[in-house]
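Taken in sequence, the protein lines are chains C and X. If you read the first sequence in the numbering used here, its first letter stands for residue 1045, the second for the next number, and so on. If you read the second sequence in the numbering used here, its first letter stands for residue 1045, the second for the next number, and so on. Accompanying notes for the structure given below.
There are 2 protein chains.
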Amino acid sequence: MELMEYLTSTSKEVSELFTSYYSDEKTVLSQASNYLLNVEGKRLRPALFKLAAESVAPGSSKDIISGALAVEVTHTFTLVHDDIMDGDISRRGRPTVHVVWNEPIAILAGDVLFARAFVLLADTHVDSSRKIEAVRILGKASEDICEGQQMDMAFETRTDVSAAEYLEMVRKKTGVLYGTAGALGALLAGAAPDIVSAFMTFGEHIGIAFQIQDDIIDLTRDTAISGKDQASDIREGKQTLIAIRAREKGIDLTPYQHDLTSEEIQEIISLLTDAGIIAEVTAEAQAYVDSGIAGLSILPDSMEKELLVRIAQFFIDRAY
Amino acid sequence: MELMEYLTSTSKEVSELFTSYYSDEKTVLSQASNYLLNVEGKRLRPALFKLAAESVAPGSSKDIISGALAVEVTHTFTLVHDDIMDGDISRRGRPTVHVVWNEPIAILAGDVLFARAFVLLADTHVDSSRKIEAVRILGKASEDICEGQQMDMAFETRTDVSAAEYLEMVRKKTGVLYGTAGALGALLAGAAPDIVSAFMTFGEHIGIAFQIQDDIIDLTRDTAISGKDQASDIREGKQTLIAIRAREKGIDLTPYQHDLTSEEIQEIISLLTDAGIIAEVTAEAQAYVDSGIAGLSILPDSMEKELLVRIAQFFIDRAY
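This is the structure:
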C-alpha cells in the first residue's frame, strides 16, 4: 500500500470516529473543543499508532483504536494552548480557538481535550494493566511536551542556545508525542517492553528530524511552495539548528534580522551553503531518521514496518 | 478524633508527600507547577479521599495515598487556570501563578499538574482494573469541572439564570471534585459500585452546599470576619442563589449594583431576611448537607463516617 493512501484512509477513519464520539455535544465549550478535531489533518500520530499496533499484532488495532484518538486529542490540546501562548491567529487554515471564541474558552477547550485523552485510553478493549501503563506513558509524555514548549518560549529571549539544548527542546516538544503514538500502539497491541521502547525512540528521532526539516524548509523553500513566509526564522533571530550551527562556525546572522528581500535570502542561502551548514544540518536530520529506522530492525518484516520506514523518510523528504 | 485535628494531620501528610515527590525538579516550569501545591491549605479533598477509603477498608489509605494527591493536584490545576481566566491576582494569600511568572507559564503549569494527576493514579498500589476506573472517573470529572467554569463565566453576562442552572453550575464546578475525592478513595480501597456512587453523590451535594454557603457569607458576614469584601456579589450583580430566589419573589436587587455603604448592606439584608430569602437559601444548603449525609447510611458506623458527617456540616457552619 502507498503511504499516502494509508494516511488518507486513517485520516478518514479518525474523523469519523471523532464525529461519532463527540458530535452530540452542543455546549459552547464542546463546540470549541471539537473545532480543531474536526479539521482533517494528516493524522500522522494515529497512523503511527495503528502501524505500530498492526506491526506487533495483525488485526489488533480495531480494539484499541480509541488509543489512537487519545494521542490525536492530546496533540490537539497542545495546539490549542500553544496558539494562546504564541498569540497565533491561524491554524490549519482557520482562525484559532481563542480567536473564534476567547482565551478563557480556549484554555478550557484544551483542558477538556486533555481530560478526554485519558478517558479514551480507559475505553480501549485490552487488559487494564496495559491501559494503566498507557496512562502513565501519556501522562509523563504530556509533562515533557509542556517542558518542551516552555524551553521553546524561553529560547526566544536567548542568543546562546546550544545544539544540545535545541535537540532536547524539539525532542520534548515534538518527538515525545510521535514516540508516544508508536509506543502506545505497540503496548496496547501486546508488545514486549523492548518493542514499546523501540517505538518511543523511533518517534522521538523522527520527530526531531521533522523539526530540523522545518528549519531547513523555512530558509530554503520559496513561499509559493511552502505556504510559509520564507526565512522568517532568520528575520526573527530564532535559535534554529541552522542558526546554531552557523554560530558555531563563526557566521553571524544577526545583521539579517529585518525584513528580507529575495536577494538577501539568496545571499544567506549561499553563505550557509558555502560554509557547509545546510548540508550538515540536512545530514543531521537524515541521521535521526536513519537511527529511528534502524531501531525498527527489532520488528519482523511486514507491510506496516515498510510504511513506518516510509513515514520516517517522508518527515524529511517533504517540501513543505 | 476532632475534625480539625484530622484535617491538620492530613494537610501535613499531603504537604510532605508533595515535597518528596516533586522537590527535586528545578526547571522554571516545575517551580511554577509546585508553587501552589506547597501552600498548605485545608486539603479537604485529600481528607475526603482518605476518610472514604478508611471507612470502606480500615488501613487501606496507605497504599492508595497517591490517589489523594491526584485529586489535590487536579484541584490545584483548576485554580491555576481559573485564576488566569478570572484575572485574579491573589490566591491563598499569595500572588497567583500568572502574576509571579506569566500567562503562558501559568497555562503550562496547570497542564503539567493535570498530567501529573493521572500519573499519580497510576502510582497507586491496587489492581489495575480499579486504577483504570479511577482514571475514567477523574477524566470525566475534569470535563465537568471545565463545563462548570464555562457556565460560571457565561452567567456573568446574564441576568436570567435559573436556580436549576445555578445548581448545575456549582455541582459541576465544585461538587464534582468533592464527589470524585470520596469516590476515588472508596473505589481504590475496594468498595462496591453502590458505595463509590454514594460517595460521588455525597461530595456533589456537600459541594453544592459549600457554594450556597459562600453566597450567604458574602452577603451576611462583615469583612472583618470573612476577609472578603462584603456584599460584592450584590454590587457586581452576580447570579447567586440568593439573587435568583429574590428575583423569583419579585425583589429587584439591580438598584444596588454600585459601591455600597454599611447602611445599604444592612438594608439589603433586612429586605432579604423579611422576604424569607436568607432563611430559604440557608435551608436549601442544609438540605443538600442532609441528603449527602443520608447517603452515607450505606456505610457501617466508624470514626471515619462520623468525621465525614462533621465535614459535611462544617461546609455550612463555617463563618468564612
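The C-beta atom is built at its ideal place from N, Cα and C for all residues, glycine as well.
Roughly how many angstroms lie between the CA atoms of L1123 of chain X and I1151 of chain X, to the nearest whole one?
11 Å
So V1058 of chain C and R1136 of chain C are supposed to be a Cβ contact under 8 Å. How far apart are they, rounded?
About 14 Å separates the two Cβ atoms, so there is no contact after all.
Just to confirm, are L1165 of chain C and V1179 of chain C a CB contact at a threshold of 7 Å?
yes
Chain C beta carbons: is any one of them nearer than 7 Å to that of V1353 of chain X?
no
Name, please, each residue of chain C whose Cβ falls closer than 7 Å to the Cβ of Q1193 of chain X.
L1152
To which residues does DSSP link P1139 of chain X through a beta bridge?
X:S1134
Put N1082 of chain C into one of helix, strand or coil per three-state DSSP.
In this structure, N1082 of chain C counts as coil in the three-state DSSP scheme.
Could you check whether the Cβ of R1180 of chain X sits closer than 7 Å to any Cβ belonging to chain C?
Yes, R1180 of chain X counts as interfacial toward chain C.
Give the interface partners of E1057 of chain X over in chain C, defined as CB-CB distance under 9 Å, in chain order.
Simply none; closest approach about 23 Å.
Looking at the secondary structure, which residues open and close the alpha helix (DSSP H) in which T1264 of chain X lies?
P1237 to T1264
Nearest-angstrom Cα separation, counted from D1259 of chain X out to L1285 of chain X:
7 Å
Rounded to the nearest angstrom, what separates L1080 of chain C and E1098 of chain C at their Cα positions?
27 Å
Within 7 Å of chain X by C-beta, residues of the region 1068 to 1100 of chain C in sequence order
T1071, V1072 and L1073
4-residue-minimum alpha helix (DSSP H) runs that sit fully inside the region 1112 to 1190 of chain X, ordered along the chain
1141 to 1144 and 1147 to 1166
Using a Cβ-Cβ cut-off of 8 Å (strictly less than) and excluding sequence neighbours within five positions of D1266 of chain X, which residues of its own chain qualify?
Q1274
Identity of the residue in X:G1320, X:P1237, X:V1220 and X:A1233 nearest G1251 of chain X by Cα:
Measuring C-alpha to C-alpha distances from G1251 of chain X to each of X:G1320, X:P1237, X:V1220 and X:A1233 identifies X:V1220 as the nearest.
Cα separation between D1345 of chain X and A1253 of chain X?
Put simply, the backbone Cα of D1345 of chain X is about 24 Å away from that of A1253 of chain X.
Nearest candidate by alpha-carbon position, reference L1297 of chain C, set C:Q1193, C:S1110, C:T1203 and C:H1142:
C:T1203
Determine whether the beta carbon atoms of A1159 of chain C and S1186 of chain X lie at a separation below 7 Å.
Going by C-beta atoms, A1159 of chain C is nearer than 7 Å to S1186 of chain X.
From X:L1340, X:K1349, X:G1339 and X:A1329, residue whose alpha carbon lies closest to that of F1359 of chain X:
X:A1329
Considering only their Cβ atoms, is the gap separating T1168 of chain C from S1110 of chain C smaller than 7 Å?
For S1110 of chain C and T1168 of chain C, yes; Cβs fall inside 7 Å.
Indicate the three-state DSSP secondary structure (helix, strand or coil) for P1090 of chain X in the structure shown.
helix
Where Q1257 of chain C falls, given that 16 or more other Cβ within 10 Å makes a residue buried:
buried
Check the Cβ-Cβ distances between G1183 of chain X and every residue of chain C, and say whether any is below 7 Å.
Yes, G1183 of chain X lies at the interface with chain C (some Cβ there is under 7 Å from its Cβ).
Backbone CA spacing between S1055 of chain X and M1195 of chain X [nearest angstrom]:
31 Å
Interface residues of chain X around M1129 of chain C at Cβ under 8 Å?
E1147, P1148, I1151 and L1152
Nearest-angstrom Cα distance between Y1050 of chain X and D1132 of chain X?
Each residue's Cα considered, the two are about 31 Å apart.
Note the first and the last residue of the continuous alpha helix (DSSP H) segment covering Q1310 of chain C.
Note, Q1310 of chain C: alpha helix (DSSP H), S1306 to D1318.
Please report whether the beta-carbon of M1197 of chain C lies at a distance below 7 Å from any beta-carbon of chain X.
yes
Measuring CA to CA, which of X:E1292, X:I1278 and X:E1324 is closest to Q1310 of chain X?
Residue X:I1278 is the option with its Cα nearest to Q1310 of chain X.
Which listed residue (C:S1077, C:Y1066 and C:L1088) has its alpha carbon closest to that of S1053 of chain C
C:L1088
If we count the other Cβ atoms within 10 Å of its Cβ and call it buried at 16 or more, is V1144 of chain X buried or exposed?
exposed
Kindly indicate the opening and closing residues of the alpha helix (DSSP H) around Y1300 of chain C.
Unbroken run through Y1300 of chain C: none, as it is neither H nor E.
Report yes or no: is there a C-beta of chain C within less than 7 Å of the C-beta of I1278 of chain X?
no
For I1176 of chain X, decide whether its Cβ has a neighbour in chain C, counting only Cβ atoms nearer than 7 Å.
By the rule that beta-carbons nearer than 7 Å mark a contact, I1176 of chain X touches chain C.
Around the Cβ of K1175 of chain C, are there at least 16 other Cβ atoms within 10 angstroms (buried) or fewer (exposed)?
Label assigned to K1175 of chain C: buried.
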